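Protein sequence lines, in the order shown, are assigned to chains A and B. Take 131 as the starting number for the first sequence in my numbering and just add one per residue. Take 4 as the starting number for the second sequence in my numbering and just add one per residue. Each remark here refers to the structure printed beneath this line.
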Amino acid sequence: TEVFVGHQVLRISMANEAQVEKMRELETMDHLQLDFWASPSHPERPVDVRVPFTSLQAVKVFLEQNNIQYFILIKDLQRLVDDEKAQMVRQRS
Amino acid sequence: RALSVETFNYATYHTLNEIYDFMDLLVAERPNLVSKIEIGYSTEGLPLNVLKFSTGGPNRPAIWIDTGIHSREWVTQATGVWFAKKIISDYGKDESLTAILDKMDIFLEIITNPDGFVFTHTQNRMWRKTRSINAGSSCRGVDPNRNWDAGFGGLGSSRNPCSETYHGPHANSEPEVKAIVDFVKQHGNIKAFISIHSYSQLLLYPYGYTKTPVPDQKELDSIATAAVTALSSLYGTSYRYGSIITTIYQASGGTIDWTYNQGIKYSFTFELRDAGRYGFMLPANQIIPTAQETWKALMVIMEHARDHPY
């Protein structure tokens, strides 16, 4: 079973088209194994990305170097997955 | 196992078996209103079950609703379950829904991507695609919302089997898609097609693969305005609406672009709650409010389809 310990979901806000382009560049970096929950399209539409723990530093550095604003939407995805599973078990019992 | 449709817990997420059992319960309890149709099998051999709500009459004009084509979007399957219960509860009580069902059939596919859905419960909660094997690649699955024959393979879809938006080797390569395509063609009288996704609170109409507006844009936009107004009236949830390409991004090979091109004028797709706090991990206590508000918008679309035959 896939675990998401330490995976974070970042909400990224782009200020202009150039930053949208940068985000598209980030989307093509397969080695980071990013999961775009919402893909980059317009500056006014934020992007949500699930970032594995091992890629967190690289992604945050990329965003900061390009002056792209972000905040952490989900701090530890596995916690939410565990909570969800526990809730299902509770409801069944 | 729930003993009846009444005691089924609508406020929690369920497994595939639980939902399939629920569908059987529904049919057993209301056989004069609901039946179950098997429209095909998934890649891994699971049945593709569709609930048919009908008060009789051959090949009536129909409304299609599907939920969960992207398997990780759990709130959509959960709302599909709630819709099924809502339809049987309201028929005969709610004047408007009764009038819809006296004139039209409703088809509801709650688990559109069963392989993916099972996979999200057992192996990877974040799985989005189908589970088909891609020749020459170790990556599995195709994005079933890029696999339709409408601008297939164009911008806004990927040729890389490892991508979440991989369009597949050819249009309708996924049995989950092909089954709906065959069903829609064979039926020939579907007048409204609503495909439900999550999240980001949008109500969208075609097109996604081209910037060319659909000929019915004005009408679809006015329906969307009314639907979103109705939806927001319940809990104040704010929705945006418009064509896929102008409202979110270019997406080729999408479901409702194909259905619209097949002549189904009232083709819409929803992106349900939330606006980004939990994404695909929407807590179960939000299932019922999400379903309730979405139902209001659905009713607007279904009423319009009922009152504007074409």
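Yeah, the Cβ is synthetic: ideal placement off N, Cα and C, and Gly gets one too. Treat the numbers as computed from the prediction; the structure is a model and nothing was measured.
Within this structure, are the beta carbons of residue i and residue j separated by less than 7 Å?
| i | j | result |
| --- | --- | --- |
| A:Val139 | A:Asp178 | yes |
| B:Tyr244 | B:Leu275 | no |
| A:Phe183 | A:Gly136 | yes |
| B:Ser246 | B:Tyr202 | no |
| A:Thr152 | A:Asn197 | Note on residue identity: the sequence assigns Lys, not Thr, to residue 152 of chain A. Cβ atoms of A:Lys152 and A:Asn197: not closer than 7 Å. |
| A:Leu210 | B:Met284 | yes |
| B:Ser182 | B:Leu51 | The question names Ser, but residue 182 of chain B in the sequence shown is Ala. Yes. Within cutoff. |
| B:Cys142 | B:Pro117 | no |
| B:Ala278 | B:Gln189 | no |
| A:Gln208 | A:Val133 | yes |
| A:Asn146 | A:Pro173 | yes |
| B:Tyr242 | B:Glu296 | no |
| B:Thr123 | B:Thr293 | no |
| B:Leu223 | B:Lys299 | no |
| B:Val53 | B:Ile42 | yes |
| B:Gly144 | B:Ser74 | no |
| B:Lys214 | B:Ile248 | yes |
| B:Trp85 | B:Tyr13 | yes |
| B:Thr10 | B:Ser135 | no |
| A:Ser143 | A:Gln199 | yes |
Excluding sequence positions up to five away, which residues of its chain have a Cβ less than 7 Å from the Cβ of residue i?
| i | result |
| --- | --- |
| A:Arg154 | Pro170 |
| B:Tyr94 | Leu36, Leu100, Thr101 and Leu104 |
| B:Ser198 | Asp69, Ile72, Thr258, Ile259 and Thr272 |
| B:Asp108 | Lys55, Phe56, Ser57, Arg63 and Ala65 |
| B:Asn150 | His170, Gly171, Ala174, Asn175, Ser176, Glu177, Val180 and Gly256 |
| B:Gln265 | Val187 |
| B:Ser270 | Phe196, Tyr208, Pro209, Ile259, Thr262 and Tyr263 |
| B:Asp152 | Ala174, Asn175 and Trp261 |
| A:Val181 | His137, Gln138, Leu140, Leu164 and Val189 |
| B:Lys89 | Trp298 |
| B:Ile291 | Tyr13, Ala14 and Trp85 |
| B:Phe155 | His170, Ala174, Ser255 and Gly256 |
Would you kindly report the start and end of the unbroken alpha helix (DSSP H) that includes residue i?
| i | result |
| --- | --- |
| B:Gly282 | No alpha helix (DSSP H) contains B:Gly282, which DSSP labels as neither H nor E. |
| A:Asp111 | Any answer about residue 111 of chain A is impossible in this case: the structure gives chain A only from 131 up to 223. |
| B:Gly119 | Pro117 to Thr125 |
| B:Thr133 | Run containing B:Thr133: none; DSSP gives neither H nor E here. |
| A:Gln149 | Glu147 to Glu157 |
| B:Tyr238 | Gln220 to Tyr238 |
| B:Tyr263 | Thr258 to Asn264 |
| B:Val78 | Trp77 to Asp93 |
Quick one: residues in its chain with C-beta nearer than 6 Å to the C-beta of residue i, no 5 flanking neighbours on either side, listed in chain order?
| i | result |
| --- | --- |
| B:Thr15 | Ala287 |
| B:Thr168 | Asp146, Arg149, Ser160 and Ser161 |
| B:Leu28 | Val8 |
| B:Ser140 | Pro164 |
| B:Asp219 | Lys268 |
| B:Val231 | Leu206, Tyr242 and Tyr244 |
| B:Thr240 | Glu296 |
Which residues in chain C sit within 7 Å of residue i, going by Cβ to Cβ distance?
| i | result |
| --- | --- |
| A:Val181 | Included in the structure are the protein chains A and B, with no chain C among them. |
Grab the span of the beta strand (DSSP E) containing residue i for me, first residue to last.
| i | result |
| --- | --- |
| B:Val53 | Pro50 to Phe56 |
| B:Asp310 | That residue, B:Asp310, is in no beta strand (DSSP E); its alpha helix (DSSP H) goes Ile290 to Asp310. |
| B:Gln189 | No beta strand (DSSP E) holds B:Gln189; the alpha helix (DSSP H) holding it covers Pro178 to His190. |
| B:Asp69 | Ala65 to Thr70 |
| B:Thr272 | Tyr269 to Leu275 |
| B:Asp108 | Asp108 to Glu112 |
| B:Gly245 | Arg243 to Ser246 |
| B:Tyr208 | Leu205 to Tyr208 |
| A:Leu140 | Gln138 to Ser143 |
| B:Phe196 | Ile193 to Ser201 |
Contact check, residue i vs residue j under 8 Å by CB: the rounded distance?
| i | j | result |
| --- | --- | --- |
| B:Gln253 | B:Tyr313 | Rounded, the Cβ-Cβ distance is 28 Å, inconsistent with contact. |
| B:Ile113 | B:Arg33 | Not really, about 16 Å apart at Cβ, beyond 8 Å. |
| B:Asp146 | B:Arg131 | 7 Å |
| B:Thr79 | B:His200 | 6 Å |
| B:Val121 | B:Ile226 | With 8 Å as the limit, B:Val121 and B:Ile226 do not qualify as a contact, their Cβ atoms being about 35 Å apart. |
| B:Ala87 | B:Leu111 | 6 Å |
| A:Leu162 | A:Val191 | Contact doesn't hold; Cβ gap of about 11 Å is too wide. |
| A:Arg141 | A:Leu193 | Not a contact, Cβ separation roughly 11 Å. |
| B:Gln126 | A:Thr131 | 6 Å |
Report all residues from its chain with a CB closer than 8 Å to the CB of residue i; omit the five preceding and five following residues, and keep chain order.
| i | result |
| --- | --- |
| B:Leu158 | Tyr212, Gln253 and Ser255 |
| A:Glu157 | Leu164, Phe166, Ser169 and Pro170 |
| B:Lys344 | There is no way to answer for residue 344 of chain B, as the model of chain B reaches only from 4 to 313. |
| A:Lys205 | Gln138 |
| B:Ala282 | A small correction: the amino acid at residue 282 of chain B is Gly; Ala does not occupy that position in the sequence shown. Within the same chain, B:Gly282 has close Cβ partners Tyr202. |
| B:Val217 | Tyr208, Pro209, Tyr210, Leu223, Ser246 and Tyr263 |
| B:Thr228 | Tyr244 |
Handout entry: Continuous beta strand (DSSP E) assignments of at least 3 residues falling wholly in the segment 163-218 of chain A
Key = DSSP runs (the beta strand (DSSP E)) wholly in the segment 163-218 of chain A: 177-181 and 199-204.
Exercise for the section: Only counting runs of 3 or more residues, tell me where the beta strand (DSSP E) segments fall wholly within the segment 5-60 of chain B, in order along the chain. Expected result: DSSP runs (the beta strand (DSSP E)) wholly in the segment 5-60 of chain B: 37-44 and 50-56.
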